[in-house]
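Worksheet: one structure, shown below.
There are 2 protein chains.
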Amino acid sequence: MFKVSRKSEYALIAIQHLARRARDGVTSVAELAQAENIPPDILAKVLQGLKRAGLLTAAKGAGGGYRLSRPVKEIHFLEVVRPFEEQLCVVSCQNDHGGCERGGDCTLRDPMTVLNAYMLRQFADLTMDMFLSPHKLLHGTHMDVAIGETSLGRLTSTAHPAD
Amino acid sequence: MFKVSRKSEYALIAIQHLARRARDGVTSVAELAQAENIPPDILAKVLQGLKRAGLLTAAKGAGGGYRLSRPVKEIHFLEVVRPFEEQLCVVSCQNDHGGCERGGDCTLRDPMTVLNAYMLRQFADLTMDMFLSPHKLLHGTHMDVAIGETSLGRLTSTAHPAD
DNA sequence: TGAACTCGGACCAAATCGGTCCTGTTTCAA
DNA sequence: TTGAAACAGGACCGATTTGGTCCGAGTTCA
Numbered sequence: 244m245f246k247v248s249r250k251s252e253y254a255l256i257a258i259q260h261l262a263r264r265a266r267d268g269v270t271s272v273a274e275l276a277q278a279e280n281i282p283p284d285i286l287a288k289v290l291q292g293l294k295r296a297g298l299l300t301a302a303k304g305a306g307g308g309y310r311l312s313r314p315v316k317e318i319h320f321l322e323v324v325r326p327f328e329e330q331l332c333v334v335s336c337q338n339d340h341g342g343c344e345r346g347g348d349c350t351l352r353d354p355m356t357v358l359n360a361y362m363l364r365q366f367a368d369l370t371m372d373m374f375l376s377p378h379k380l381l382h383g384t385h386m387d388v389a390i391g392e393t394s395l396g397r398l399t400s401t402a403h404p405a406d
Numbered sequence: 244m245f246k247v248s249r250k251s252e253y254a255l256i257a258i259q260h261l262a263r264r265a266r267d268g269v270t271s272v273a274e275l276a277q278a279e280n281i282p283p284d285i286l287a288k289v290l291q292g293l294k295r296a297g298l299l300t301a302a303k304g305a306g307g308g309y310r311l312s313r314p315v316k317e318i319h320f321l322e323v324v325r326p327f328e329e330q331l332c333v334v335s336c337q338n339d340h341g342g343c344e345r346g347g348d349c350t351l352r353d354p355m356t357v358l359n360a361y362m363l364r365q366f367a368d369l370t371m372d373m374f375l376s377p378h379k380l381l382h383g384t385h386m387d388v389a390i391g392e393t394s395l396g397r398l399t400s401t402a403h404p405a406d
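What follows is the structure, given as structure tokens:
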């Protein structure tokens with residue numbers, strides 16, 4: 244249920260890449276595609292999407308390419324991912340237009356709304372600079388609590404976590 | 244990226260339903276399907292899955308049906324969902340067998356591993372009794388922080404959250 | 001003028017998903 | 001003992017989604 248689409252993965256990689264080469268000016272699609280081993284055509288679409296989202300600036304013509312339009316530290320994880328995820332919500336109840344197929348008596352909607360808000364809240368503070376230095380990510384942030392938790396082992400490993 | 248499968252939704256509804264009728268003995272698939280407006284055939288599969296996961300107990304034969312095998316309070320959200328979600332991880336990197344298609348130099352894996360652990364940690368404490376009383380869910384738990392957050396409005400609403 | 005780019009629509013094949021159907025097997029009750 | 005009621009589960013199907021390709025058009029620089 245947490246999996247992001249392939250395009251989102253490419254987007255995350257691209258932002259990472261461009262952040263590292265920030266001072267090299269622009270980077271072309273072909274260049275980035277080869278460096279990160281991503282199909283050029285689809286990467287082009289991804290970068291277009293990121294540009295539309297305001298995260299990248301494009302330079303057309305020969306010698307052109309893409310560049311981050313902000314420092315990495317000011318780019319949020321959810322911003323990078325959203326253009327390629329049709330919905331960021333947990334159940335179909337609340338996708339949009341309030342169009343819950345289950346009618347007004349859906350017992351799932353209320354708890355799910357809270358759950359959804361809770362999740363987004365967890366991600367709200369996550370910015371892309373965390374992706375550049377995993378070690379820092381591991382030990383320097385509020386996320387360090389996630390590591391070494393007993394419950395974590397239970398949940399990530401195999402079948403029945405809570406018995 | 245957070246959306247659960249339809250089967251997971253049905254599973255959550257079923258657990259809710261069975262929890263409310265806990266003292267009525269067993270509930271048949273047909274009964275539950277009609278009450279909650281779910282296709283009977285597929286609900287049957289869902290309940291089978293929940294039984295295999297150890298959450299339900301089945302009574303075969305005439306007058307049979309399903310029953311929670313534990314109090315709701317001891318059933319975790321992730322337990323209910325996992326049988327119907329092939330992977331609970333964020334990127335294909337870490338799905339299983341370490342089979343990352345991108346080779347050893349995948350710059351996504353390390354940060355994503357942390358992110359993934361972080362997410363699961365957030366859900367580890369969430370039990371199904373929270374689904375029975377949305378009001379309690381709203382105000383009585385650690386989740387109340389999610390409501391009314393400014394960042395929440397930004398992230399859930401429209402296009403560009405962080406500008 | 002032409003090459004190297006970004007842009008973006010059209011299209012396609014494969015996989016996934018939600019759902020149906022159909023055939024057991026087990027159990028209870030008449 | 002028999003049959004109905006219920007769980008168990010495999011086979012299948014159609015629609016949607018997804019990852020990916022192809023191609024044409026506009027832009028800019030050398």
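Just so you know, the sequences run in chain order A and B.
Note that our numbering numbers the first sequence so that position 143 is 386, with each residue one more than the last.
Note that our numbering numbers the second sequence so that position 21 is 264, with each residue one more than the last.
Glycine is no exception: its CB is placed at the ideal position from the N, C-alpha and C atoms.
Treat the numbers as computed from the prediction; the structure is a model and nothing was measured.
Would you verify that the beta carbon of residue i is, or is not, closer than 8 Å to some beta carbon of chain A?
i, result
"B/Glu252", "yes"
"B/Glu328", "yes"
"B/Gly341", "Note that B/Gly341 scores a pLDDT of 46, beneath 50, so its modelled location is shaky; the value from the coordinates is reported in the next line. Answer no: the Cβ-Cβ gap between B/Gly341 and chain A never drops below 8 Å."
"B/Leu351", "yes"
"B/Lys246", "yes"
"B/Ala287", "no"
"B/Gln277", "no"
"B/Pro196", "Here chain B comprises residues numbered 244 to 406, so residue 196 of chain B is not present and cannot be evaluated."
"B/Gly383", "The predicted position of B/Gly383 is uncertain, since its pLDDT is 46 and thus under 50; a value taken from the coordinates is nonetheless stated next. B/Gly383 does not count as touching chain A."
Taking 8 Å as the CB-CB cut-off, is residue i touching chain B?
i, result
"A/Leu255", "yes"
"A/Val333", "yes"
"A/Val324", "yes"
"A/Val315", "no"
"A/Gln291", "no"
"A/Ala262", "no"
For residue i, which residues from the same chain have a beta carbon less than 6 Å from its beta carbon, with the 5 sequence-adjacent residues on both sides left out?
i, result
"B/His319", "Thr370"
"A/Thr317", "Reading off the sequence shown, one finds Glu at residue 317 of chain A, where the question assumed Thr. Taken in chain order, the list of residues that qualify is empty."
"A/Thr300", "Arg310, Ser312"
"B/Lys294", "Ala301"
"B/Ala296", "Pro326"
"B/Phe374", "Gln259"
"B/Ile281", "Tyr253"
Can you list, in chain order, the residues of its chain whose CB lies under 7 Å from that of residue i, leaving out five sequence neighbours each side?
i, result
"B/Phe366", "Phe320, Leu321"
"B/Pro283", "Val272, Ala273, Ala276"
"B/Leu290", "Ala257, Val272, Leu299, Tyr309"
"A/Ser248", "Phe327, Glu328"
"B/Ala265", "Leu311"
"A/Glu279", "Ile256, His260"
"B/Ala287", "Val272"
Per DSSP, what are the beta-bridge partners of residue i in this structure?
i, result
"A/Arg310", "A/Thr300"
"B/Thr270", "B/Tyr309"
"B/His260", "DSSP output for B/His260 lists no bridge partner at all."
"B/Thr370", "B/His319"
Between residue i and residue j, which are expected to be in contact by the criterion C-beta below 8 Å, what is the C-beta distance as a whole number of angstroms?
i, j, result
"B/Leu298", "B/Val272", "Actually they are not in contact, since the Cβ atoms of B/Leu298 and B/Val272 sit about 15 Å apart, beyond 8 Å."
"B/Leu363", "A/Met244", "With a Cβ gap of about 11 Å, B/Leu363 and A/Met244 do not count as contacting."
"A/Asp372", "A/Val315", "5 Å"
Using a Cβ-Cβ cut-off of 8 Å (strictly less than) and excluding sequence neighbours within five positions of residue i, which residues of its own chain qualify?
i, result
"B/Ser251", "Val323, Val324, Phe327, Glu328"
"B/Lys246", "none"
"A/Ala305", "none"
"A/Leu261", "Thr270, Leu275, Leu299, Tyr309, Arg310, Leu311"
"B/Leu358", "Val333"
"B/Gly268", "Gly308, Arg310"
"A/Gly292", "Lys250, Ala254, Pro326, Phe327"
"B/Arg263", "Leu375"
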